[in-house]
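Heads up, the thing below is written out as structure tokens.
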Amino acid sequence: MEYYISTEHLTVGYDGVPLIENIEIGVRRGEILTLIGPNGSGKSTILKSMIRQLKLLAGTVVLDGRSITEMTERELSKKLAIVMTERIRAELMSCWDVVATGRYPYTGRLGLLSSKDREIVDEAIRMVHAEDYAEKPFQQISDGQRQRLLLARAICQEPEIVVLDEPTSFLDIRHKLELLEVLKEMVRSRNVAVVMSLHELDLAQKISDQVVCVADHRVDRCGTPEEIFRDEYIRELYGIEQGSYNALFGSLEMRPVSGSPKTFVIGGSGSGIPLYRALQRNGIPFAAGILQENDLDYPVAKALSAELVSVPPYRIPDDTAAERAEKLIESCGSVICCVQDFGEANRKNQDLLAYAKSRSLLVEPEELFQSVKGAEV
Amino acid sequence: MRRFSVLILTAVLLFALLLSSCTAPSGNRKDSDGPEWSSLTEESKLKLRYATQFQVTAYSGGYQLIDINTTGKFLVVPEGSSAPAGLPEDVVPLYQPLDRIYLTATSAMDFFRALQSIKNIRLSGTNADGWYIQEAKEALESGDMLFAGKYSAPDYELIYAEKCDLAIESTMIYHSPEIKEQMEKLGVPVVIERSSYEEHPLGRMEWIKFYGVLLGKAEEAQKLFDQETADVEVLSGQPDTGKTVAFFYINAAGTVNVRKSQDYVPRMIEMAGGRYIFSDLDSGNALSTVNMTMEAFYDGAKNANLLIYNSTIDGELQTMDELLNKSRLLSDFQAVQNGNVWCTGKNLFQEPMGLGRLISDIHRVLLDDIPEDGALTYLHKLKN
Amino acid sequence: MKKRGLVRLWIGFAGLLLALFVLVLWNINAGSVHIPVWEILKILFTRTGENTVIVWNVRLPRIISALFLGGALALSGFLLQTFFQNPIAGPFILGISSGAKLVLSLTLIGFLSAGIAVGSFGLILAAFAGAMLSMGFVLAISLKAKRMSLLIIGGVMIGYICSAITDFVVTFADDQNIINLHHWSLGSFSGMSWENVGVMAAVVIPALIFTFLLSKPISAYQLGEVYARNMGVNIRVFRIVLILLSSVLSACVTAFAGPISFVGVAVPHLIRSIFKTEKPLIMVPACFLGGAVFCLLCDLIARTAFSPTELSISSVTAVFGAPVVILVMLRRQKEHL
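Protein chains in written order, with my numbering: chain A, -8 to 368; chain B, 2 to 385; chain C, 5 to 341.
Listed below in structure tokens is the structure:
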């Protein structure tokens, strides 16, 4: 299928100074193309150029087979709608009024709304589930509600492509999800193309059909999320040196605390994760074990622990692992156990617990934090 | 759409036309059914000795044509007569008796007082507080004269309703031409009084003859003028005293305002037998005064024999301390050290008829010929 | 809510029209000469009677001027507030009155020193030319400027430059000019003639209609430039048209009545708080009416409060306008919290 909007040898920048050269990206109808990349890399510049807010320095943007520079304002406004980061003033306007401005390209000389226009506005509001506050003043609603209404406004414009610049910034997690949900719904039901920039890699990974990585004033890589979201590449793209990125979960972890481990955590099936993070926050280096590499605890433990005893997926820990763990327990001098249930697969952990008890090395997490703080004083 | 715009445009134009055609019947100008203008003969010209800003020509039938420099021509029509037919467009008829006058040119009031015609002024552009001429103040307080707004914001309604027959304005009206136009639309002729443009001090006084013509009191005017100038003309025969005089005031900004050398005040000083201390002050513009720095004034007037403080704008001074408070530098001045500092009365510039007496005053001060009671008309000595 | 808005709309317009009607009548009736109502009615319909001239040549042209010029000021203020998205923008923010004053003083001084008396129409033309001149500079800046705040700075600076040159010219001119220019800088509706009314109607009415027809792009612009452009507004042309319109309106006021302060700033705020809307379709006619009502009221006060001394219109508008601006801004702030 043909790209609905694509760039050819596009160079963008401000005041005639090129910022990013030779951009070749494209998106089909019914697809979402997401631009990711560090701050200041030029994502917004590309978007602003594609919607004709910035002059193109070279190359063209082709929309539905025609260069956008050849289109009249009116033609373009019927095909392309935007949701930008600029705060809109909209003083003394109700939410409904703001959404209704999307009908602008279709109304007559005085901008009066027909009953059909009104229906379209109502429907767009229903689509973003904003019926409850549609009559409220636009200035008095939350950021999340605002973004949704701006999306409804774009829907009203009946575009074939919507361009969004960081639509989820400033939103809490719930509103982020809801907004992208609505966006996805719109793409499906109206078969529109979407080009947007996102900061949240986890969200980008989940919603995008195509991902474009912009870094250091160039388009670094394009591809499906599966091709792009790999631990090493993301670390490199954002220049992450201080922590780690988990591509599968899209989660970030802080850098492990350095030093010899002060405690040994017996974890498994997610039970250890809160403690790992608490220890990291409190600056206490720790060892963890014994984990199968398909255990829920494993990625976090791997990212945060100073020492980790693990075995390959689906293997039952053997004596070698247990011996290593015991040695670590010796050197740590304390053990915290997060696991309640023991069975065939974690029998060795049960043994470790018994070992710790017998040597009265088992402590509660609070005791450990207390003693570390006491030592510092 | 285009048809819509054309429609609107037409409507607008029609409306504008309608509005501009709404001109109401103009003023109370009388019909001119008098004799044919061209049939009138010129009989005499009014003799003027000093004034150059106006001329009066008498015509047969008692008509008198006044021509005021750069302002216009007016034909004074005697009571009972009609304006001549075929009067040129640029000649404005003034019908005697002119007894409902609106006066904003304050310096003219003195002439009306001298001619005992204050009752002819019905409307004033200065309210009671603004007058130093007692008769005018009283007339306003008693209601014989009404305040009708200052020259820049006249109360047209009152002026019209009072059937005003003449407005006498100062030259300031040049800068608000719309006021003159509106007056004329209301049928009120506007005369601009230019006595302040007379270079000779006695030329200013001679404007009394102009008002004499307007009021039909030409003879009285002539007599008064001769009286007031007689004393001064005696002085002109006397020798120069050689004493130097500075005439000045210090404004709020601390600079010194002095008369230019060609102004009428230096001329009065010369007529009184003195010598104006600044002999070549002229900056080439139309101003009659110059603001100079204290330094330049110190340099120029330190050795003046006599200082006259002009209290027109700033208020009268009574003591030397008040003067020194304006500037300590003045204490170095010869005239200050000799106690020879005089101040003008505030009323001076509302009384052009008094210019002759002012000249006499200066003359007496220069000769040290002060009457026993110390009373001069316009000058008083600053006390130590 | 929608229904309530509609009710508010009708009540608002009905109230404004009623106020306009009452004030026009009151203005015709009030003055230093007392004319009974029946006589005024007779004069209005038959144009006969002793006081015809006072009603027809003094009061009516003045009333109609106050109406048109007040409306023009408020409209110009509304346009500039929208344009700059700045609540204290007013018609004279672009240095228009200073430009007018400069050319006016040059004309007066030039002609008078040459011994030529200038007619009132000449002065009107001079003031208008001056206003257009400073507008030309602002327009030139607007073609270069990316941010609108630059335009305000440009306008204010042009104002300063013009004032400085005026001062310079005045310093070296006749004494009497100084007094007069001071008077001129205060503004007044006094002495308007029917010819003046005709000319201002021919300027203000087309500008009003044209502004009304621009309601749609103005409403788009209210969301911000980025969205307006996306909605198909040609921002460059729109900017120029808006500056031209507001300048022509305020230049017209300046030329006929001098700079009149606060009407342009205060009235749009008042109208907003009455109608609770920013929609240009409502704001344009409502601001025009509001400005007319405001100026008629202020002129009534200026004329009659200390009659026959007339107050300058700006001192009255400032007394009423400044508190309005403060109150409205405080109230709006509360609404936002």
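Beta carbons are placed, not taken as given, at the ideal position from N, Cα and C, and that holds for glycine.
Under the rule that a run must span 4 or more residues, the alpha helix (DSSP H) segments found entirely inside the region 128 to 195 of chain A read 134 to 147, 164 to 181. Chain C has a Cβ within less than 9 angstroms of the Cβ of B/Tyr175.
Straight-line measurement puts the Cα of C/Phe125 at about 37 angstroms from the Cα of B/Gly63. At least one beta carbon of chain C lies nearer than 9 angstroms to the beta carbon of A/Gly102.
Interface annotation, C/Gly16: not in contact with chain A, CB-CB separation never under 9 angstroms. Here B/Gln54 is buried: its Cβ has 16 or more other Cβ atoms, across all protein chains shown, within 10 Å. Within chain A, the C-beta atoms nearer than 8 angstroms to that of C/Leu227 come from Ile79, Arg80, Ala81, Val89, Thr92, in chain order. By the Cβ neighbour-count rule, C/Gln226 is buried, with 16 or more other Cβ atoms within 10 Å of its own. DSSP places A/Lys293 in no beta strand (DSSP E) but in the uninterrupted alpha helix (DSSP H) bounded by 289 to 295. Contact between A/Tyr97 and C/Met235 is ruled out by a C-beta separation of about 10 angstroms, above the 8 angstroms threshold.
Here the C-alpha atom of A/Ala115 lies approximately 12 angstroms from the C-alpha atom of A/Glu176. Under DSSP, no beta-bridge partner is assigned to C/Ala131. If you draw a straight line from the Cα of B/Leu141 to the Cα of B/Asp100, it comes to about 16 angstroms. Pairing C/Val257 with C/Ser80 gives a Cβ-Cβ distance under 9 angstroms.
With respect to chain C, the C-beta atom of B/Leu104 has no partner C-beta closer than 9 angstroms. With a cutoff of 9 angstroms on beta-carbon distance, A/Pro290 and A/Ser242 are scored as near each other. At a cut-off of 9 angstroms between beta-carbon atoms, B/Ile122 makes no contact with chain C.
By the criterion of at least three beta-carbon pairs nearer than 8 angstroms, the region 26 to 40 of chain C is not in contact with the region 123 to 134 of chain B.
Taking 9 angstroms as the cut-off, the Cβ atoms of B/Ser312 and B/Ile251 do not count as close. Contact between A/Val186 and A/Met41 holds, with the beta-carbon distance rounding to 7 angstroms and staying under 8 angstroms. With respect to the 9 angstroms criterion, B/Arg268 and B/Glu352 are not classified as neighbours on the basis of their beta carbons. Taking all protein chains in view, the Cβ of C/Ala93 is crowded by 16 or more other Cβ atoms within 10 Å, so the residue is classified as buried. Excluding its 5 nearest sequence neighbours in each direction, A/Gly93 has C-beta neighbours in its own chain below 6 angstroms: Arg144, Cys147, Gln148, listed in chain order. Under the DSSP definition of a beta bridge, A/Ala206 partners with A/Arg209. If only uninterrupted beta strand (DSSP E) runs of at least 3 residues are considered, those enclosed by the region 267 to 343 of chain A are 277 to 283, 298 to 302, 326 to 328. With a cutoff of 9 angstroms on beta-carbon distance, A/Asp286 and A/Ser260 are scored as near each other. At a cut-off of 9 angstroms between beta-carbon atoms, B/Phe350 makes no contact with chain C.
By the C-beta criterion, the region 118 to 133 of chain C is judged to be in contact with the region 248 to 267 of chain C, since at least 3 inter-stretch pairs fall below 8 angstroms. Counted as a single uninterrupted DSSP element, the beta strand (DSSP E) harbouring A/Asn13 occupies residues 8 to 14.
Secondary structure of B/Val192 (DSSP, three-state): strand. Under the 9 angstroms criterion on CB atoms, A/Gln44 is classed as interfacial with respect to chain C.
For chain B, the residues of the region 287 to 313 of chain C that bring a beta carbon within less than 8 angstroms of one of its beta carbons are Ser311, Pro312, Thr313, in chain order. DSSP places B/Asn292 in the strand class (E or B) of the three-state scheme. Beta-bridge analysis with DSSP links B/Ala168 to B/Tyr103, B/Val191. Within the region 285 to 311 of chain C, no run of beta strand (DSSP E) at least 3 residues long lies entirely inside it. Interface criterion met: the Cβ of B/Asp156 is under 9 angstroms from a Cβ in chain C.
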